[in-house]
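Written below as structure tokens is the structure these notes are about.
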Amino acid sequence: MSIRIILLGLFPIIIWAQEDTSSIPLFETLDEVSVDRDPGVTISSKSILSQELISEVELRKAACCDLSESFETNASISASFTDAVTGTRQIKLLGLEGPYALYTRGNLQTMGGLSSVLGMALIPGAWIQSIQLTKGPGSVVNGAGAMSGQINYELRPSFTKQKAHFNLFAGPTRFEQNAIYTWRQSPRWSSNIMIHGRQQLFRWDNNNDGYLDAPLSQHVFVQNAWKHNGKNSEAQFGVKVSAIKNIGGSALYGDPTLDSIWSHELQTERYELWAKRGYFLEGGINRSIGTQFSATYQDLDGYFGNLSFTGKEQRLYGNLIFQDNLWDTRHTFKGGLDLNAFVIEQQLWNRDGSFSGMVAGAYGEYSFVTSPDGQGLSMILGQRVDGLYTGNDGRFFYVPRLHVKYNIGPWVLRTQASKSYRIATLGGEYMGYMANSRGFNFTNLETTEGLNMPIERSTTFGTGITWTQDVFYKELQWYADVYLNTFDSKIIFDFDYSADSAIVSLVQNTVNRPYALSYQVGAQYELIHRTMVKAAYRYQEAKQRDLSGVTIGNGLEDVILNVPHLLYLGTSYSGPNGVGIEINATYNSSQRLPEIGYSKRSPAFTILDFQISKQDRKFGQLYVGLHNALNIRQLDPVLGGDLPFEDRFDASIVWGPIMGRRLYAGWRYDLRTE
Amino acid sequence: MKQLRYILFFLAMSTAMSAQNKITSTSIEVDGLCGMCKERIENAAYILGVKQVNWDKETHQLDLVFRNDKVSKEKIIASLNEAGHDVKGSIASDEQYANIHGCCRYREGELRAKHGLGDALCTEEKK
């Protein structure tokens, strides 16, 4: 029954010390993981929330390139392009777009605001140590968002035996470099510096439509993080600077031509500063206090053809968490206060969308576990109250959340009910919808002064079951889950009325509430010696109110670009000599497209990927892969591209890959201290 | 249809039963130091026919589950020696031991002391 606490950053997490603390993305423990036996994805039976831990072993199976591309071997999340010109990818989880999830780095919130979608590209895959994916809203400690889930990523730690890590990657016209250097100043202090560069140097128009399939780009990110291990405390702080410059659109960019060309440019710089501290307090083995702080500044400047998009974001965030046991170690209480102050200036669709405000929150969370091995009943009951002040206006939000888990033998049953709300940043979240010549009608989102600050609210129900047992002496795991998000208030884009218009609205308290429903079943098993097989099927339904009245009248219509049926099959061989072979296939069923100017539905398609890697102690790891081996392409991602300033131009509807078959190769190397 | 189901059930049962008899569970002592050694030992032992491997860093016991019709204990021990690890009753040759990474040189007294280990298997066996 011995338990101990480890401070994960400043956020106190209880770990039952009985076995593998290495399965938790902590700092020093990961060296002890046996790489060959690591299945890549672990669904913990102990965690009360529905969580998958995606380890570095799994991340290496799809060796490209930033956070949005880290989920290619995961059926829960799919990534797609937001449009055909910016090269930006966003993920979808539980049938909802990327910004509906919460992103945290070491449990401290990141992204959001202007980086809601663009932020995915700011996190290089080579920097990531592991990802913890929570389905459905998580703990109230991390805020009131996370409608579809939480993606918590851990970057490579400074306290490690790896002195340095290098990675080089080359794909068609795309190059990436990563270097990480770690040094230990003293037994108490350690630090690391991470550098990332990415270049798309050459013009690539493989479908010959006169538009670049991927933008010319230059990315440079630098991060310096520090960690201090005290006697009864731990502290981490860091600074990150990111700069992106992209040029997309017409392949004739920069040429003196007679025709007026449609081009896109985006330039952004983001500065982040963060600090976390935690102390163990006297008088209780689980008593601790923690603080989190972050400051962000981002400057964004861009245009899409004749439409300019500029923005500035300033954000301050602070969180104070207290934790203790009630009665005995089975009962834990967490309570705290947080503050989020933001100023967002954005000019978009020839309108002013600037807003600012401050959210002050108070929360309390009680959790109960019957037994340290996770058997029996466990639950978390969390509540928070947020006050939002926007200068002249105040509003309160109440956010209750309940998670219950029951373990019996190999079975784990989970169920949850949660409320969430979030403040949307139109520019950051819907940037891809600027790549067209539609006239936008913002209905109730717009006043004479400009665009409002939209607040979205939802209720989530989820339930799931997992079963893990040895079958023929090898572990078989299967799971099934269902999630439903219904919205009291949601932003809706409707492109159905005509090919040159769009209706946008914040629908509220309607009879026909927008919703997203997701069912998923999956299994993983070492079917053949050293060969792990994963299979999953996912059904997703996303509905919204028909604003234009074209498809259903006033009822609920299917959201465009939602993939109803998805099948995933992945096999992964890890040989005795450091040889790895990965084959992944994902079938996407047909998606609904806008009514007018498009064929009603996209074709169904299958993406097939191969990768071979070889690990060697002296030379590091080499990998070669073939992405999209069946050469599936959307041949018309830019509609009306020959006359871009006419009403018909549209590069915002992307249902599939724009680039076809891609061969890539890379190298990674770890320098260890003896 | 019903008959087919019975036949399938019996087939599944009989293969499961016969597999039971061919399974050997055993444990052998393998010398090593650290997490990297654990990785190397388990990787070396996990040859075709082996179902489960688990090496304990503290006790040096390697738990094995394997199909005795496909692989033998001797074969697994040979593979462990080949990777450079000493097994109780079968010491790796010096050439084989030379493959071991610098930080995992489990025969060296200084490194052993650092990990809180006693005499190496090979010195014990020489006695």
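For the record, the sequence lines run as chains Z and G. Its first residue numbered 1, the first sequence is counted upward by one per residue in our numbering. Its first residue numbered 675, the second sequence is counted upward by one per residue in our numbering. No residue lacks a Cβ here, since even glycine has one placed at the ideal position from N, Cα and C.
* Indicate whether the contact test is met: 3 or more Cβ pairs, each with one atom in the segment 628 to 639 of chain Z and one in the segment 143 to 150 of chain Z, closer than 8 Å. => no
* Asked: For V140(Z), which three-state DSSP category applies?
  -> By one-based count along the first sequence, residue 140(Z) stands at place 140. Helix.
* Using 8 Å as the Cβ pair cut-off and three pairs as the minimum, do the segment 639 to 659 of chain Z and the segment 254 to 273 of chain Z touch? -> yes
* To do: Under 8 Å by Cβ, that's how I've got R530(Z) and G575(Z) pegged, so tell me the actual separation to the nearest angstrom.
  => Counting from one through the first sequence, the residue named residue 530(Z) turns up at place 530. Counting from one through the first sequence, the residue named residue 575(Z) turns up at place 575. Going by Cβ atoms, the distance from R530(Z) to G575(Z) rounds to 6 Å, so yes, they are a contact pair.
* Can you find a C-beta in chain Z that's less than 7 Å from the C-beta of L785(G)? -> Counting from 1 along the second sequence, the entry for residue 785(G) is found at position 111. No, because no Cβ of chain Z sits closer than 7 Å to the Cβ of L785(G).
* **Whole-Å CB distance - H264(Z) paired with G248(Z), under 8 Å assumed** => If you number the first sequence from 1, residue 264(Z) lands on position 264. If you number the first sequence from 1, residue 248(Z) lands on position 248. Contact flag correct, Cβ pair sits at about 4 Å.
* To do: For the segment 568 to 581 of chain Z, enumerate the residues whose C-beta is nearer than 7 Å to any C-beta of chain C, in chain order.
  => Chain labels in this structure do not include chain C; the protein chains are Z and G.
* Asked: Three or more beta-carbon pairs under 8 Å between the segment 649 to 663 of chain Z and the segment 151 to 169 of chain Z, yes or no?
  -> no
* To do: On the DSSP bridge assignment, give the partners of K227(Z) in chain order.
  => Residue mapping note: residue 227(Z) aligns to position 227 of the first sequence, counting from 1. According to DSSP, which records beta bridges pairwise, K227(Z) is partnered with S190(Z), Q236(Z).
* Taking just the CA atoms, how far does F71(Z) sit from Y103(Z)? -> Counting from 1 along the first sequence, the entry for residue 103(Z) is found at position 103. Counting from 1 along the first sequence, the entry for residue 71(Z) is found at position 71. Taking the straight line joining both Cα atoms gives about 14 Å.
* Asked: Taking N224(Z) as the reference, which of L216(Z), T586(Z), S548(Z), A275(Z) has the closest Cα?
  -> For the purposes of this step, residue 224(Z) is identified with residue 224 of the first sequence, where counting begins at 1. The shortest C-alpha separation from N224(Z) is found at A275(Z).
* Any contact of the segment 447 to 459 of chain Z with the segment 418 to 427 of chain Z, i.e. 3+ C-beta pairs under 8 Å? -> yes
* To do: Answer yes if the segment 119 to 136 of chain Z comes into contact with the segment 60 to 69 of chain Z, meaning at least three C-beta pairs across the two stretches below 8 Å, and no otherwise.
  => yes
* Asked: Which residue spans inside the segment 283 to 354 of chain Z form an unbroken beta strand (DSSP E) run of at least 3?
  -> 288 to 304, 307 to 326, 331 to 348
* Going by the beta-carbon positions, is the gap between L94(Z) and G428(Z) smaller than 7 Å? -> For this step, residue 94(Z) is matched to residue 94 along the first sequence. For this step, residue 428(Z) is matched to residue 428 along the first sequence. No, the pair does not count as a contact, with Cβ atoms beyond the cut-off.
* Who are the neighbours of Q726(G) on chain Z, taking C-beta pairs under 7 Å? -> The residue labelled residue 726(G) in the question sits at position 52 within the second sequence. By Cβ distance, chain Z contributes Y473.
* So, are the CB atoms of L704(G) and H759(G) less than 7 Å apart? -> Taking the first residue of the second sequence as position 1, residue 704(G) is located at position 30. Taking the first residue of the second sequence as position 1, residue 759(G) is located at position 85. Reading off the sequence shown, one finds Val at residue 704(G), where the question assumed Leu. A contact, by the Cβ cut-off of 7 Å.
* **Run of the alpha helix (DSSP H) containing R786(G), from where it starts to where it stops** => Within the second sequence, residue 786(G) is the residue found at index 112, counting from 1. Note, R786(G): alpha helix (DSSP H), 783 to 788.
* **Status (buried if at least 16 other CB within 10 Å, exposed otherwise) for S437(Z)** => For the purposes of this step, residue 437(Z) is taken as the residue at position 437 of the first sequence. It is buried - the Cβ of S437(Z) has at least 16 other Cβ atoms within 10 Å.
* Does the beta carbon of H165(Z) sit closer than 7 Å to a beta carbon anywhere in chain G? -> Residue 165(Z) sits at position 165 when you count from the first residue of the first sequence. Taking Cβ atoms only, chain G never reaches closer than 7 Å to H165(Z), which makes this a no.
* Start and end of the beta strand (DSSP E) containing D496(Z)? -> Position 496 of the first sequence, counted from the start, is the residue given in the question as residue 496(Z). Premise fails: D496(Z) is in no beta strand (DSSP E) and is neither H nor E.
* Asked: Where does the unbroken alpha helix (DSSP H) through A717(G) begin, and where does it stop?
  -> Position 43 of the second sequence, counted from the start, is the residue given in the question as residue 717(G). The amino acid at residue 717(G) is misidentified as Ala; the sequence shows Asn. 709 to 719 is the extent of the alpha helix (DSSP H) around N717(G).
* To do: Work out the CA separation of F159(Z) and V672(Z) for me, nearest whole Å.
  => Position 672 of the first sequence holds residue 672(Z). Position 159 of the first sequence holds residue 159(Z). Before going on, a small fix: residue 672(Z) reads as Arg here, not Val. Computed Cα separation, rounded: 12 Å.
* **3 or more residues per run - each beta strand (DSSP E) lying fully within the segment 550 to 607 of chain Z** => 556 to 558, 565 to 574, 579 to 588
* **Spatial distance of F322(Z) from D609(Z) (CA atoms)** => Here the question's residue 322(Z) lines up with position 322 in the first sequence. Here the question's residue 609(Z) lines up with position 609 in the first sequence. Computed Cα separation, rounded: 46 Å.
* **Beta-bridge partners of Y366(Z), as assigned by DSSP** => On the first sequence, position 366 is the one that residue 366(Z) refers to. Y366(Z) pairs with F333(Z), L381(Z).
* Tell me whether T88(Z) is buried or exposed, calling it buried when 16 or more other Cβ atoms sit within 10 Å of its Cβ. => Here residue 88(Z) is taken as the residue at index 88 of the first sequence, counted from 1. Burial call: buried.
* Where R617(Z) meets chain G, residues with beta-carbon distance less than 9 Å -> Locating residue 617(Z) in the first sequence gives position 617, counting from the first residue. Within 9 Å Cβ-Cβ: H775.
* Same chain, Cβ closer than 6 Å to D31(Z), five either side skipped, listed in chain order -> By 1-based counting over the first sequence, the position of residue 31(Z) is 31. Interpretation of D31(Z) is limited by its pLDDT of 32, a score under 50 that renders its predicted location unreliable; no figure is taken from the coordinates.
* Exposed or buried, what is I721(G) when buried is set at 16 or more other beta-carbons lying within 10 Å of its beta-carbon? -> Counted from its first residue, the second sequence places residue 721(G) at position 47. By the neighbour-count rule (16 or more Cβ atoms within 10 Å), I721(G) is buried.
* **Same chain, Cβ closer than 6 Å to I751(G), five either side skipped, listed in chain order** => Counted from its first residue, the second sequence places residue 751(G) at position 77. For I751(G), where only same-chain residues beyond five positions count, the Cβ hits under 6 Å are V761, S764.
* Asked: When the cut-off is 7 Å and only beta carbons count, does N742(G) lie next to chain Z?
  -> Position 68 of the second sequence, counted from the first residue, corresponds to residue 742(G). Chain Z, which has no Cβ nearer than 7 Å to the Cβ of N742(G), makes this no.
* Please name the residue, chosen from F81(Z), S45(Z), I596(Z), that lies closest to S501(Z) on a Cα-to-Cα basis. => Numbered from 1 along the first sequence, position 501 holds the residue referred to as residue 501(Z). Taking only the C-alpha atoms, the option nearest S501(Z) is I596(Z).
* Asked: If you draw a straight line from the C-alpha of R633(Z) to the C-alpha of V624(Z), how long is it?
  -> Working through the first sequence from its first residue, we reach residue 633(Z) at position 633. Working through the first sequence from its first residue, we reach residue 624(Z) at position 624. Whole-angstrom Cα-Cα distance: 22 Å.
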